Amino acid sequence: MNKIRIMVAGTANPHVPAYLRGAGRRVDTMEVVAVSDFDAARLEQARGFLENRPGVRFYSDYREMFEAHPEADAVMIGSDNIDHFEMFKAAVSRKLHIYMMKVISMDEDECREMIAIGRNYDRVIQCELELHFNPQFAYARKLFRSGALGKLKSVYLTNISQSPCNYFPNWGDPVLSYGRRVPLRPGSETCRGGAITDHPHPFDLIRWITGREFRTVSAVSARNQRAHLAVEDHAAITGELDDGVKYFINPSYSNLEEKVPTRRLLWPKSLECNLKLTGTKGYFSCDFFDRHIYIVGNRYVSPDRLIVDGTPRLPGDPADSLIGSFVAAIAGERKRPETTLEDSYAAIRVMNAAYESIRLEREITLEATR
Numbered sequence: 001m002n003k004i005r006i007m008v009a010g011t012a013n014p015h016v017p018a019y020l021r022g023a024g025r026r027v028d029t030m031e032v033v034a035v036s037d038f039d040a041a042r043l044e045q046a047r048g049f050l051e052n053r054p055g056v057r058f059y060s061d062y063r064e065m066f067e068a069h070p071e072a073d074a075v076m077i078g079s080d081n082i083d084h085f086e087m088f089k090a091a092v093s094r095k096l097h098i099y100m101m102k103v104i105s106m107d108e109d110e111c112r113e114m115i116a117i118g119r120n121y122d123r124v125i126q127c128e129l130e131l132h133f134n135p136q137f138a139y140a141r142k143l144f145r146s147g148a149l150g151k152l153k154s155v156y157l158t159n160i161s162q163s164p165c166n167y168f169p170n171w172g173d174p175v176l177s178y179g180r181r182v183p184l185r186p187g188s189e190t191c192r193g194g195a196i197t198d199h200p201h202p203f204d205l206i207r208w209i210t211g212r213e214f215r216t217v218s219a220v221s222a223r224n225q226r227a228h229l230a231v232e233d234h235a236a237i238t239g240e241l242d243d244g245v246k247y248f249i250n251p252s253y254s255n256l257e258e259k260v261p262t263r264r265l266l267w268p269k270s271l272e273c274n275l276k277l278t279g280t281k282g283y284f285s286c287d288f289f290d291r292h293i294y295i296v297g298n299r300y301v302s303p304d305r306l307i308v309d310g311t312p313r314l315p316g317d318p319a320d321s322l323i324g325s326f327v328a329a330i331a332g333e334r335k336r337p338e339t340t341l342e343d344s345y346a347a348i349r350v351m352n353a354a355y356e357s358i359r360l361e362r363e364i365t366l367e368a369t370r
């Protein structure tokens, strides 16, 4: 098939630069034709990533970009969460394949409308829930579904990180992140849109690995560890899946970030995604961001502290990835993309239930979806 000509609408999501860097080096299946962002600094950064691609055009308005590129086949929506819905509808009106960054929207009405539109849309819509392609979690799914662990008793899943808000201030803005200002609890100055919104993976992975839905949600969050943040920086969430399996989720900004303007992934792990499955026959655990070498060195920002070295990950097949899945679905080699609007909405329902549990200080029971 011909290369897919893709536009990038917004680069506010910190994952977008990784896609642009990849597009700048390898263009065998996809060709970036244009990038838009209203933020001049982010747009200039995108120019740098794509400096060896002189044909790429840059715009401050995604609508102008859409008008200027009727030849485009697809769009990556990488803006702040608040803009996803309007960009989605604009992309649908132009019959574009859509690659949407997480989260699609924290507004559940918008999620349901996007799903309804997608049911009758003859183009591919894929959402970024990239940990489906991680070998550890793919193996966990295979192992559990083989019956090797027996009947599932409990699931423990953490997705903890540094706070990205020092490096990406827009992620600390509750309106840009959550879509509007909603106090975490009555009278609180801290609003929704922080650590829970930033970390949909636990809510998605538990469904994907176990095939079960969330039934009850109990969440707590105390005073922020970072007093300057306008959004929550931690939470602890427990409850039951639909067959009584117990779960625990920690989606917090638990790890220390350096007070520097450029992101530094240090001390001692900047990111962790730890899974523990306990069954009647066995137990399995893994960490996506596992690192095995710990060093202290004066070339780091924090020379007197223990640092995890960035040991390389095992290489994977480029086709076995989110972009690979997206391209394969467009080419008709897959019946559906790996991660869908429905998958995203299912996770968002649980995330919003966690927020409601914090607000009401009680357990929330989720109704089964139709």
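Letter by letter, the sequence shown follows residues 1 to 370 in the UniProt record's numbering.
By construction, the Cβ of each residue, glycine as well, lies at the ideal position given by its N, Cα and C atoms.
A quick note: this is a predicted structure, and the numbers were derived from the prediction, not measured.
Would DSSP call residue i helix, strand or coil?
i: Lys89; result: helix
i: Ala72; result: coil
i: Glu361; result: coil
i: Ala18; result: helix
i: Val8; result: strand
i: Asn13; result: coil
i: Ala331; result: coil
i: Ile104; result: coil
i: Pro315; result: Caution is warranted here: a pLDDT of 47 is assigned to Pro315, below 50, making its placement in the model unreliable, and no coordinate value can be reported.
i: Phe58; result: strand
i: Ala34; result: strand
i: Asp343; result: helix
i: Tyr121; result: coil
i: Asp287; result: strand
Classify residue i: buried if its beta carbon has 16 or more other beta carbons within 10 angstroms, exposed otherwise.
i: Arg26; result: The predicted position of Arg26 is uncertain, since its pLDDT is 48 and thus under 50; a value taken from the coordinates is nonetheless stated next. The residue in question, Arg26, is exposed, as its Cβ has fewer than 16 Cβ neighbours within 10 Å.
i: Pro202; result: buried
i: Leu50; result: buried
i: His228; result: exposed
i: Thr280; result: exposed
i: Lys142; result: exposed
i: Val220; result: exposed
i: Asp28; result: exposed
i: Arg180; result: exposed
i: Tyr283; result: exposed
i: Arg63; result: exposed
i: Ala18; result: exposed
i: Asp61; result: exposed
i: Glu110; result: buried
i: His292; result: Only weak support is given to the placement of His292: the predicted model assigns it a pLDDT of 48, under 50, and the question is left unresolved by the model.
i: Gly297; result: Only weak support is given to the placement of Gly297: the predicted model assigns it a pLDDT of 49, under 50, and the value that follows is read from those uncertain coordinates. Gly297 should be labelled exposed.
i: Leu360; result: exposed
i: Arg21; result: exposed
i: Asp233; result: buried
i: Met351; result: buried
i: Ile307; result: With a pLDDT of 47 at Ile307, under the threshold of 50, the modelled position of that residue is not reliable, and the figure given next carries that caveat. By the 10 Å Cβ count, Ile307 comes out buried.
i: Asn2; result: exposed
i: Gly239; result: buried
i: Arg42; result: buried
List the whole-angstrom C-beta distance separating residue i from residue j, where the pair is believed to meet the contact cut-off of C-beta under 8 Å.
i: Leu241; j: Phe144; result: Not really, about 13 Å apart at Cβ, beyond 8 Å.
i: Met7; j: His69; result: 6 Å
i: Ala140; j: Leu275; result: 6 Å
i: Asp37; j: Gly10; result: 6 Å
i: Val16; j: Met101; result: 7 Å
i: Cys191; j: Val231; result: 6 Å
i: residue 371; j: Ser285; result: Shown here, the chain extends from 1 to 370; a query on residue 371 therefore has no answer.
i: Ile98; j: Ala74; result: 7 Å
i: Leu341; j: Ile104; result: 6 Å
i: Thr197; j: Met106; result: 6 Å
When every heavy atom of the ligand NAP is checked, does at least one fall within less than 8 Å of the C-beta of residue i?
i: Ser161; result: Ligands are entirely absent from the displayed structure, and the ligand NAP is therefore not among its contents.
Check your understanding: Taking contact to mean at least 3 C-beta pairs separated by less than 8 Å, is the segment 119-132 in contact with the segment 355-370?
Key -> Contact between the segment 119-132 and the segment 355-370 is absent, because fewer than three Cβ pairs lie under 8 Å.
**Study point:** Those runs of the beta strand (DSSP E) which lie wholly inside the UniProt domain "GFO/IDH/MocA-like oxidoreductase" (137-284) and span at least 3 residues
**Key:** The UniProt domain "GFO/IDH/MocA-like oxidoreductase" (137-284) contains these whole beta strand (DSSP E) runs: 152-161, 216-220, 236-240, 246-250 and 271-279.
Practice item. Please determine if the segment 339-356 and the segment 203-218 are in contact, where contact requires at least 3 C-beta pairs separated by less than 8 Å. Key: In short, these stretches touch, since the Cβ pair count reaches three.
Practice item. Could you tell me whether the segment 78-88 touches the segment 174-193, where touching means 3 or more Cβ pairs closer than 8 Å? Key: The segment 78-88, when compared against the segment 174-193, does touch it at the 8 Å Cβ threshold.
Review point. Is there contact here, the segment 222-238 with the segment 162-169, by at least three beta-carbon pairs under 8 Å?
Key: Judged by Cβ distances under 8 Å, the segment 222-238 makes contact with the segment 162-169, as three or more pairs qualify.
**Study point:** Meets three-Cβ-pair contact criterion under 8 Å: the segment 87-99 and the segment 184-194
**Key:** Not touching, per the Cβ criterion.
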